[in-house]
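Presented below is the structure to which this report refers.
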Amino acid sequence: MASELTLDLDHLVSPISEEHPAGTYLRETNRDLLQRAKDGRTESVSRERRQRELEIYSEEDLSLIPEEDRRIEAPEWRSVLDCCTEIIAEHSKDLWVASWLIEANTRLSGFAGLRDGFRLVAELVDRYWDNICPPPDEEEGHVGTVSQLASLNGENSQGTLIIPIESIPLLTVADHSDLSFAAYRQATNDSDARPSEAEFYAAARKIDPERLRQHAEDIEEAIEAFSQMNQLLEAKCGSHDGVPVAPPSSQIASALAQCQQTFRLIARDVMSDDASSDAEQSEDDSGSLVQSGASTGGAGADPVKKQVANREDAFRMLLQASEFFRKTEPHSPVGYMLQKAVRIGRMELPDLLQEMITDEEVLTRFAERTGIDIKHETEED
């Protein structure tokens with residue numbers, strides 16, 4: 111079962127009044143309230159960005175920065191969320207405000223918050239489109255109406271929602287504060303990263319399978335809610351000068367898909383072990399394992415054969431071996447070489463060739479002759 115609702119959707123989508131169900135456009139009727147929500151969001155984003163900048167400094171470099179410049183107040187996403195919910199429930203069904211609400215609720219409630227933010231926008235679009243705020247422009251139609259939703263995904267650059275999605279914890283355990291997709295990606299690309307890739311798998315083992323299944327459902331429901339929101343927007347927005355007006359969605363869809371794939375990879379063994387425990391117990395009771403042990407001279411099943419059912423299982427065991435060597439023989443290259451082997455094994459062929467062939471001319475010639483599509487670093491997304 112997925113997580114409970116993080117927003118009072120019934121309250122938020124209820125008509126504001128009989129005369130004005132969608133409320134009024136705050137830019138014209140209460141600019142101060144709209145500005146308060148906007149400024150709160152901007153300030154919180156700025157504080158987050160500054161925090162990320164400080165995190166990349168070494169302790170030695172940090173000591174050179176004046177203490178007052180190192181003190182950064184925490185982002186106030188709760189205040190942003192409260193202000194946005196007040197506006198949507200009591201003043202205006204505004205998609206700009208709903209976009210800021212999505213940003214705040216994602217930080218505060220993870221994938222469940224993301225899911226409910228998308229559901230809110232879908233409901234507002236479905237119920238109030240003819241009177242939605244900001245109102246459409248005579249020339250450009252609803253381009254401005256959905257522009258803040260478009261900025262969540264980004265058009266020619268990374269959207270404002272991508273880093274927050276990639277920073278949502280995939281796992282939550284007491285001794286780790288950052289087990290997000292962004293941290294996992296770093297771990298697979300940097301052998302010195304902490305947490306390491308092996309630590310993700312170890313953390314998953316500490317979590318109750320039921321909690322993992324709930325998290326899996328939260329991610330799935332966020333993906334479904336995003337898809338439904340996009341379908342509604344595409345149906346309502348139409349086009350301007352032959353170009354679809356609906357916000358782009360590829361970057362958010364990709365970020366969500368990567369989070370889901372990574373979570374499934376990390377949590378698969380724990381959830382599959384739990385799901386099959388009853389069947390294994392039944393097999394034990396029937397004596398099939400004893401019979402198997404007798405057929406191999408009483409030694410029992412080969413533990414490697416039992417654990418390695420596919421290539422990802424093999425990679426996982428290599429990572430465990432890598433972690434062992436890095437802890438017991440920190441000066442040995444074995445642990446790092448094993449981790450690199452796993453990283454190479456998971457790479458797509460074009461990416462692998464690009465890493466191995468450093469000469470651009472040779473790489474281009476190879477790509478032309480083989481037909482392999484290799485994306486050069488100088489190309490734009």
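The opening residue of the sequence shown carries number 111 in my numbering; numbering runs sequentially from there. Don't be surprised by glycine CBs; every beta carbon is placed ideally from N, CA and C. Source: prediction; values computed, not measured.
Inset, instruction - Compute the minimum distance between the beta carbon of H121 and the heavy atoms of the ligand PLP, and state whether it is under 8 angstroms. - result: Summarising the ligand content, the structure contains no ligands, and the ligand PLP is consequently not present.
Legend entry - Beta-carbon spacing of A448, A431 below 9 angstroms: To locate residue 448, count along the sequence shown from 1; it is residue 338. To locate residue 431, count along the sequence shown from 1; it is residue 321. The sequence given here has Leu at residue 448, not Ala. Yes; because the gap between Cβ atoms is below 9 angstroms, this pair is in contact.
Inset, instruction - Have a look at the DSSP bridge pairing and note the partners of S359. - result: Within the sequence shown, residue 359 is the residue found at index 249, counting from 1. DSSP lists no partner for S359.
Inset, instruction - Confirm, please, whether the CB-CB distance from D483 to A477 is below 9 angstroms. - result: Residue numbering aside, residue 477 sits at position 367 when the sequence shown is read from its first letter. Residue numbering aside, residue 483 sits at position 373 when the sequence shown is read from its first letter. It is a contact, given that the beta carbons lie within the stated cut-off.
Legend entry - DSSP bridge partner residues for S290 (one or two, in chain order): Counting from one through the sequence shown, the residue named residue 290 turns up at place 180. S290 is bridged to P279.
Legend entry - Assumed close pair M339, F228 - CB separation to whole angstroms, cut-off 8 angstroms: For the purposes of this step, residue 339 is identified with residue 229 of the sequence shown, where counting begins at 1. For the purposes of this step, residue 228 is identified with residue 118 of the sequence shown, where counting begins at 1. That pair is a contact at about 5 angstroms.
Legend entry - Spatially closest choice to R323 from D179, D300, I376 and L271, by CA coordinates: Residue mapping note: residue 323 aligns to position 213 of the sequence shown, counting from 1. Among D179, D300, I376 and L271, the Cα nearest to that of R323 belongs to I376.
Legend entry - Contacts around E213, its chain only, beta-carbon distance under 7 angstroms, and the 5 residues preceding and following it disregarded: By 1-based counting over the sequence shown, the position of residue 213 is 103. Around E213: R151, T270, L271 and P274.
Legend entry - Where the alpha helix (DSSP H) containing N241 begins and where it ends: Residue numbering aside, residue 241 sits at position 131 when the sequence shown is read from its first letter. Note, N241: premise wrong, no alpha helix (DSSP H); not H, not E.
Inset, instruction - Classify A389 as helix, strand or coil using the three-state DSSP reduction. - result: Taking the sequence shown and counting its residues from 1, one reaches residue 389 at position 279. Bear in mind that the predicted position of A389 carries a pLDDT of just 47, short of 50, making it unreliable; the figure below should be weighed with that in mind. Three-state DSSP puts A389 in a helix.
Inset, instruction - Answer yes or no: does any C-beta atom of chain D fall closer than 9 angstroms to that of A260? - result: The chain inventory of the structure shown lacks chain D, comprising one protein chain alone.
Inset, instruction - Let me know if Q268 comes out buried or exposed under the rule of 16 or more other beta-carbons within 10 Å of its beta-carbon. - result: In the sequence shown, residue 268 corresponds to position 158, counting from 1. Exposed, by the Cβ-count rule.
Legend entry - Coarse secondary structure for G251, derived from DSSP in three states: Sequence index remark: in the sequence shown, residue 251 carries index 141 (1-based). Note: G251 maps to strand in three-state DSSP.
Legend entry - Separation of A132 from S349, as counted between CA atoms: Here residue 349 refers to the residue found at position 239 when the sequence shown is read from its first residue. Here residue 132 refers to the residue found at position 22 when the sequence shown is read from its first residue. One C-alpha to the other measures close to 23 angstroms.
Inset, instruction - Quick one: grab the DSSP three-state call for L399. - result: What you label residue 399 is simply residue 289 of the sequence shown in a count that begins at 1. For L399, the pLDDT reaches just 36, beneath the cut-off of 50, and the residue's location in the model is therefore unreliable, although a value from the coordinates is still provided. If DSSP states are grouped into helix, strand and coil, L399 belongs with the helices.
Legend entry - Pairwise C-alpha distance: R378 and R304: What you label residue 304 is simply residue 194 of the sequence shown in a count that begins at 1. What you label residue 378 is simply residue 268 of the sequence shown in a count that begins at 1. The straight-line gap from Cα to Cα measures roughly 22 angstroms.
Inset, instruction - Select from N263, L343, I166 and R453 the residue whose C-alpha is nearest the C-alpha of D240. - result: Counting from one through the sequence shown, the residue named residue 240 turns up at place 130. Taking only the C-alpha atoms, the option nearest D240 is L343.
Inset, instruction - Could you check what DSSP says for G269 in three-state terms: helix, strand or coil? - result: The residue you call residue 269 lines up with position 159 of the sequence shown. Correct three-state label for G269: coil.
Inset, instruction - Measure the alpha-carbon distance for P357 versus L262 and round it to whole angstroms. - result: In the sequence shown, counting from the first residue as 1, residue 357 sits at position 247. In the sequence shown, counting from the first residue as 1, residue 262 sits at position 152. Distance between the alpha carbons of P357 and L262: 9 angstroms.
Legend entry - Residues bridged to D204 (per DSSP): What you label residue 204 is simply residue 94 of the sequence shown in a count that begins at 1. DSSP lists C243 as partners of D204.
Inset, instruction - Pick out whichever of K203, S306, R188 and V235 has its Cα sitting closest to the Cα of R217. - result: Position 107 of the sequence shown holds residue 217. Ranking the options by Cα distance to R217, first place goes to R188.
Inset, instruction - Alpha carbon to alpha carbon, how far is L259 from S209? Give it in angstroms, no decimals. - result: Mapped onto the sequence shown, residue 209 falls at position 99. Mapped onto the sequence shown, residue 259 falls at position 149. Those two C-alpha atoms are separated by around 6 angstroms.
Inset, instruction - From the DSSP output, read off the bridge partner residues of V64. - result: Here the chain covers residues 111 to 491 and nothing more, so residue 64 does not appear.
Inset, instruction - Could you tell me the boundaries of the alpha helix (DSSP H) in which I454 lies? - result: Taking the sequence shown and counting its residues from 1, the one referred to as residue 454 is at position 344. Run containing I454: V444 to R456, per the alpha helix (DSSP H) assignment.
Legend entry - DSSP beta-bridge partners of Q133: Within the sequence shown, residue 133 is the residue found at index 23, counting from 1. The sequence given here places Gly at residue 133; Gln does not occur at that position. According to DSSP, G133 bridges with S202.
Legend entry - Host alpha helix (DSSP H) of D149 (start-end): Locating residue 149 in the sequence shown gives position 39, where the first residue counts as 1. R141 to E165 is the span of the alpha helix (DSSP H), which, as asked, contains D149.
Inset, instruction - Run the CB neighbour count on Q341, radius 10 Å, all protein chains shown included, and call it buried at 16 or more, exposed below. - result: Indexing the sequence shown from 1 puts residue 341 at position 231. Label assigned to Q341: exposed.
Inset, instruction - Use the C-beta contact count for R374: other C-beta atoms within 10 angstroms, 16 or more gives buried, fewer gives exposed. - result: Within the sequence shown, residue 374 is the residue found at index 264, counting from 1. That one is exposed.
Inset, instruction - Kindly indicate which residue of R315, I329 and C347 has the alpha-carbon position closest to the one of A367. - result: Locating residue 367 in the sequence shown gives position 257, counting from the first residue. If we check each option's Cα against that of A367, I329 comes out closest.
Inset, instruction - Would you tell me roughly how many angstroms separate the C-alpha atoms of P246 and L136, rounded to the nearest one? - result: Taking the first residue of the sequence shown as 1, we reach residue 246 at position 136. Taking the first residue of the sequence shown as 1, we reach residue 136 at position 26. Straight-line Cα distance between these residues: approximately 14 angstroms.
Inset, instruction - Evaluate contact between the segment 199-209 and the segment 119-134, counting only Cβ atoms and requiring at least three cross-stretch pairs below 8 angstroms. - result: yes
Inset, instruction - Confirm, please, whether the CB-CB distance from A308 to R225 is below 9 angstroms. - result: Locating residue 225 in the sequence shown gives position 115, counting from the first residue. Locating residue 308 in the sequence shown gives position 198, counting from the first residue. For R225 and A308, no; Cβs fall outside 9 angstroms.
Inset, instruction - Could you have a look at D302 and say whether DSSP puts it in helix, strand or coil? - result: Within the sequence shown, numbered from 1, the residue matching residue 302 stands at position 192. DSSP places D302 in coil when its eight states are reduced to three.
Inset, instruction - Helix, strand or coil for P428, going by three-state DSSP, please let me know. - result: What you label residue 428 is simply residue 318 of the sequence shown in a count that begins at 1. In the sequence as presented, Pro is not what sits at residue 428; that position holds Leu. Note: L428 maps to helix in three-state DSSP.
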